[in-house]
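Encoded as structure tokens, the structure appears first; notes follow it.
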Amino acid sequence: MSSPEVVIYSDAEELAKATGERLLTTLIQAQADGSTARIVLTGGGSGIGLLAAITSLPARDEVDWARVEFFWGDERFVPASDPQRNDLQAREALLDSVPIDPALVHPMAASDGEFGSDVDAAAAAYAEIIGDQPSFDVVMLGIGPEGHVASIFPDSPAVHDDRTVVAVRDCPKPPPTRISLTLPTIRTASEVWIVTAGEGKAQAVATALAGAGEVSLPAAGAVGTSRTLYLLDQAAAGELAGDPAPAGHS
Ligand code: 6PG
Numbered sequence: 000m001s002s003p004e005v006v007i008y009s010d011a012e013e014l015a016k017a018t019g020e021r022l023l024t025t026l027i028q029a030q031a032d033g034s035t036a037r038i039v040l041t042g043g044g045s046g047i048g049l050l051a052a053i054t055s056l057p058a059r060d061e062v063d064w065a066r067v068e069f070f071w072g073d074e075r076f077v078p079a080s081d082p083q084r085n086d087l088q089a090r091e092a093l094l095d096s097v098p099i100d101p102a103l104v105h106p107m108a109a110s111d112g113e114f115g116s117d118v119d120a121a122a123a124a125y126a127e128i129i130g131d132q133p134s135f136d137v138v139m140l141g142i143g144p145e146g147h148v149a150s151i152f153p154d155s156p157a158v159h160d161d162r163t164v165v166a167v168r169d170c171p172k173p174p175p176t177r178i179s180l181t182l183p184t185i186r187t188a189s190e191v192w193i194v195t196a197g198e199g200k201a202q203a204v205a206t207a208l209a210g211a212g213e214v215s216l217p218a219a220g221a222v223g224t225s226r227t228l229y230l231l232d233q234a235a236a237g238e239l240a241g242d243p244a245p246a247g248h249s
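As structure tokens, this is what we get:
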């Protein structure tokens, strides 16, 4: 497992643009040998913001989008047309603007989908899609002020669950019912990127980087097999030791 690296940008806009550029570079590199790139998207302001930033980047069209396979780290278990849906927001931000292969886009089930209100069945079905040996090039995550990633909250059933995908109920962040990858699944990724902005995340970021345990601070358990990146704006880096100054793209 990789030790976390921190890259700091001046503000949320610069963070979104630089992370969008980083994603494009990663996709191009992953495709260089003819492979299909496999990435896991996240909901939340930073996660959707970086997708939106990609639409105006010159390198956008250097990616063979038909050879990118899209998964989600978590999803709100609401009707498919509900604007709270992470997949809907990702499609509006980027996916509807690039020539993806719909067969390689794997949204998590909606509450008005084939499983109806059975969120456990919906989670189990996603686990079948992910498979027993998942391998992602990048899992992108936001982080909550208390350290959640995806829909894995501190001291919650999900943080103790070693299945691939789980149903989440009574989630502290609305809406209450969700589907989420678990930390063991997140850790199958080559790279895990925690992308966040704002002083409200500074304490969670600093605690995660200070070696907190994953049960009390789930972000601390979100590590990649080869790389773990904390991609921050200055405000989210505000509790880090020393005088973290904005870095360049690394
Ligand atoms: C969700 C997200 C969630 C999000 C964090 C950070 O479905 O809500 O997946 O994990 O990434 O809560 O969200 P913000 O970037 O909006 O603070």
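The opening residue of the sequence shown carries number 0 in numbering that gives the first Met the number 0; numbering runs sequentially from there.
All residues carry an ideal CB built from backbone N, CA and C; glycine is no exception.
Here Val-118 really is in contact with Phe-76; their C-beta atoms are around 5 Å apart, less than 8 Å. Annotation for Asp-73: the continuous beta strand (DSSP E) segment containing it runs 73 to 75.
Cβ-Cβ separation between Val-165 and Ala-124: approximately 12 Å, too far for a contact (criterion under 8 Å).
Ranked by Cα distance from Ala-108, the options Glu-91, Pro-133 and Ser-80 are led by Ser-80. In chain order, Gln-88 place their CB closer than 8 Å to the CB of Pro-82, counting only its own chain and leaving out the 5 sequence neighbours on each side. Contact between Val-167 and Thr-176 holds: CB atoms are separated by about 7 Å, below the 8 Å threshold.
At a cut-off of 7 Å, the beta-carbon of Asp-10 does not count as near the ligand 6PG: no heavy atom of the ligand is closer than that. Gln-132 is classed as exposed because its beta carbon has fewer than 16 other beta carbons within 10 Å across all chains shown. Uninterrupted beta strand (DSSP E) stretches at least 3 residues long and entirely within the segment 31 to 57 occur at 36 to 40, given in chain order. Distance from the C-beta of Leu-180 to the nearest heavy atom of the ligand 6PG is not below 7 Å. Unbroken beta strand (DSSP E) runs of no fewer than 3 residues, entirely contained in the segment 164 to 225, are found at 164 to 167, 177 to 180 and 190 to 195, following chain order. Around the C-beta of Gly-33, fewer than 16 other C-beta atoms lie within 10 Å, and the residue is accordingly described as exposed. Between Lys-172 and Val-104, the alpha-carbon positions lie close to 25 Å from each other.
With a contact defined as Cβ atoms closer than 8 Å, Leu-230 and Ile-178 miss out at about 25 Å. In this structure, Lys-200 is the residue among Lys-200, Asp-111 and Met-0 with its C-alpha nearest to the C-alpha of Val-148. In this model, Pro-101 and Ile-38 are separated by some 14 Å (Cα to Cα). The C-beta of Met-0 has fewer than 16 other C-beta atoms within 10 Å across all chains shown, which makes the residue exposed. Remark: C-beta atoms of Ala-207 and Ala-234 do not approach each other more closely than 8 Å. Under the rule that a run must span 4 or more residues, the alpha helix (DSSP H) segments found entirely inside the segment 93 to 158 read 118 to 129.
Secondary structure of Glu-13 (DSSP, three-state): helix. Relative to Ala-65, the option among Ser-215, Asp-169 and Thr-35 whose CA is nearest is Thr-35. Exposed is the label assigned to Glu-127, since fewer than 16 other Cβ atoms lie within 10 Å of its Cβ. Bridge pairing for Glu-68: Arg-37 [DSSP].
If you ignore the 5 residues before and after Glu-238, its C-beta comes within less than 6 Å of the C-beta of Ala-201, Gln-202 and Ala-205, all in its own chain and listed in chain order. Below 8 Å, enough C-beta pairs join the segment 19 to 26 and the segment 50 to 58 to call them touching: three or more. C-alpha of Glu-113 to C-alpha of Ala-236: approximately 42 Å in a straight line.
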